[in-house]
Amino acid sequence: MTNRRISAALIAGAAAAALLLTGCVAGENAPAQGAAASTGDATVTTGGELNIDFATYNPLSLVIKEKGWLEDALAEQDITVNWIQSAGSNKANEALRAGAIDVGSTAGSAALLHRSNGSPIQVIDIYSQPEWAALVAADGSEVTSVADLAGKQVAATLGTDPYFFLLQALEAEGLSQDDVTIQNLQHADGWSALQSGSVDAWAGLDPIMGAAEGAGAELFYREVDFNSYGFLNATEAFIAEKPDVAQTVVNVYEHARAWALENPEETAQILADVAGIDLAIATTVITERTNLDVDNVPGDAQLTVLEKIGPTFVEIGDVPSQDMVDEALDTIINDTFATKADPTVVSD
C-alpha cells in the first residue's frame, strides 16, 4: 500500500492546518471566487461551489441535507453547496467521472470497479456497513433459492453492490452468470419489473427493497458478508485543489453519524420522507440493516472485502486485468481526512 501512504502523506499537511483557517473572513486580498489560496502549508478555498450527492442508500447524506450543516459549515468561505441525487452507485460514479459532483456515495465494490477502470476517485470516509442487498422474489413465486434461478430472468443494476451480490450468490451455490439472464435495470425499475412479472427475481437495494418486503416480496437469499461498505468518494482533483473543503465534508459526515446514532427515530423519519416509504419500513432499514456505528477511517477492513470481490471484475470482463484491480486496491484509499475528522466543529 506504499502509493496510498504517500498520497495520504502529501495531503495531510494541507488538510490539518486548513481546519484552523476555515472560519477566516475573506478580506480585500482574498482570491477570486472559487479559488484556493495557500497560506503556509494550508489551503483556504473562498467562493465557488461544492457539488455533492445525496442518496436514499446513504442515510447520513439525507440527514446532512435536511439539517443544512454543510451549508452552515461553508458559509464563511462563501461556498455554495449543490445537492445532486444519486439513484445508485453506478450513477454516482458516472457523475464523479464526468466532474458533475466532487463527492459521491457508492458501495465499495462500485468504487473499486471504477477506480480499476481509470476513474480518478478515492474513498475519504466510510458512511456505513450495510446489509443493503439481497435476492428478492415476488410473493408466491416458485423461486425460493438461488438454485431456482437457473434459466431465469434476474434484474440487477450493473456496477452496483446488488449486482456483485448476485454474482457472489450464484458462485456460492454452484451457478454462474451464464446460468441466468441478467436484465440491467436501475434499482427502482428492477422492483417494478419483478412486480410486473417480466423478471423472476431481483437483486434488490434498500430502501426500495424494504418497501418491496413490506409489500409482500420475499428476500429469499441474504448474506451480509457479500455486501461491501458504504464509501464516500471524492475526485482526486477536488482532494488536491480543495483539501480544506474535503475536510469539512468529512467533519460534517462524522457529526451526522453521531447525531443519527443518538436519534434513530428521526433518522428513519428523514429516510421515510425522502424515499417515500412507510416509517416502519424505514425504521427496519435504519435499525436492522444499516450499521452506522462503524469505524469511519477507510483501511484494511474494506480492503479485505474488496480483495474478494476484485477478481470477479476480471472474470466477467468488467476489468481487463488483475493488475489493474491490484493497482486500484493500492491507491483507492485516502485516510487523511477521516483520520483527522472532528465532528465537534459542527453545531446543531
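Heads up: the sequence shown begins at 106 in our numbering, then just goes up one per residue. Built from N, CA and C at the ideal position, the CB exists for glycine as well.
field: Contacts around Tyr232, its chain only, beta-carbon distance under 6 angstroms, and the 5 residues preceding and following it disregarded
entry: Here the question's residue 232 lines up with position 127 in the sequence shown. For Tyr232, where only same-chain residues beyond five positions count, the Cβ hits under 6 angstroms are Asn163, Leu165, Gly335, Leu337.
First through last residue of the beta strand (DSSP E) which encompasses Glu323: Mapped onto the sequence shown, residue 323 falls at position 218. That run of the beta strand (DSSP E) goes 323-326.
Three-way DSSP call (helix, strand, coil) for Ser246 in this model: On the sequence shown, position 141 is the one that residue 246 refers to. Here Ser246 sits in coil by DSSP.
query: When burial is assigned at 16 or more other CB atoms within 10 Å of the CB, is Ser224 buried or exposed?
result: As a first step, residue 224 must be located in the sequence shown, where it is residue number 119. Looking at its Cβ environment, which holds 16 or more other Cβ atoms inside 10 Å, Ser224 is buried.
task: Compare the Cα-Cα distances from Thr372 to each of Gln291, Thr395, Asp447 and report the closest residue.
output: Start at 1 with the first residue of the sequence shown, and residue 372 comes out as number 267. When only C-alpha atoms are compared, the closest one is Thr395.
query: Buried or exposed: Ser452, going by 16 or more other Cβ atoms within 10 Å of its Cβ?
result: Position 347 of the sequence shown, counted from the start, is the residue given in the question as residue 452. Exposed, since its Cβ has fewer than 16 Cβ neighbours within 10 Å.
- request: Grab the span of the alpha helix (DSSP H) containing Leu376 for me, first residue to last.
  value: The residue labelled residue 376 in the question sits at position 271 within the sequence shown. 369-380 is the span of the alpha helix (DSSP H), which, as asked, contains Leu376.
- prompt: Using the rule of at least 16 other Cβ atoms within 10 Å of the residue's Cβ for burial, across every protein chain shown, is Asp305 buried or exposed?
  reply: By one-based count along the sequence shown, residue 305 stands at place 200. That one is buried.
- prompt: From which residue to which residue does the beta strand (DSSP E) around Asn156 run?
  reply: Residue 156 sits at position 51 when you count from the first residue of the sequence shown. Where Asn156 is concerned, the enclosing beta strand (DSSP E) stretches over 154-159.
task: Using 10 angstroms around the beta-carbon of Val251, count the other beta-carbons present and answer buried if the total reaches 16, otherwise exposed.
output: Position 146 of the sequence shown, counted from the first residue, corresponds to residue 251. Buried: at least 16 other Cβ atoms inside 10 Å.
message: What residue range does the beta strand (DSSP E) around Thr150 cover?
response: Position 45 of the sequence shown, counted from the first residue, corresponds to residue 150. Start and end: 147-151.
- request: To the nearest angstrom, report how far apart Ala406 and Asp383 are at their CA atoms.
  value: In the sequence shown, the residue the question calls residue 406 occupies position 301. In the sequence shown, the residue the question calls residue 383 occupies position 278. Distance between the alpha carbons of Ala406 and Asp383 is about 33 angstroms.
query: Between Leu434 and the rest of its own chain, which residues show a CB-CB distance below 8 angstroms, the 5 nearest in sequence each way excluded?
result: Indexing the sequence shown from 1 puts residue 434 at position 329. Excluding positions up to five away in sequence, the list reads Leu217, Leu408, Leu411, Glu412, Gly415.
- request: Using the Cα positions of Leu324 and Glu278, report the straight-line distance between them to the nearest angstrom.
  value: In the sequence shown, counting from the first residue as 1, residue 324 sits at position 219. In the sequence shown, counting from the first residue as 1, residue 278 sits at position 173. Cα to Cα, the separation comes out at about 16 angstroms.
- prompt: I think Gly209 touches Ala200, with their Cβ atoms under 8 angstroms apart; what is that distance to the nearest whole Å?
  reply: In the sequence shown, counting from the first residue as 1, residue 209 sits at position 104. In the sequence shown, counting from the first residue as 1, residue 200 sits at position 95. With 8 angstroms as the limit, Gly209 and Ala200 qualify as a contact, their Cβ atoms being about 6 angstroms apart.
- request: Taking Leu299 and Ala274 to be in contact with their CB atoms under 8 angstroms, please state how far apart those CB atoms are, rounded to whole angstroms.
  value: Mapped onto the sequence shown, residue 299 falls at position 194. Mapped onto the sequence shown, residue 274 falls at position 169. Wrong, their Cβ atoms sit about 16 angstroms apart, outside the cutoff.
message: Contact between the segment 314-332 and the segment 279-290 is defined here as three or more beta-carbon pairs at a separation below 8 angstroms; is this criterion met?
response: no
query: Ala406 by DSSP, collapsed to three states: which one?
result: Within the sequence shown, the letter at position 301 stands for residue 406. In the displayed model, Ala406 falls within a helix according to three-state DSSP.
message: I need the straight-line Cα distance from Ile459 to Asn356, nearest angstrom please.
response: This structure cannot speak to residue 459, because the chain is shown only from 106 to 453.
- prompt: Can you tell me where the alpha helix (DSSP H) with Ser221 in it begins and where it stops?
  reply: As a first step, residue 221 is located in the sequence shown; it is residue number 116 there, counting from the start. In this chain, the alpha helix (DSSP H) harbouring Ser221 covers 213-221.
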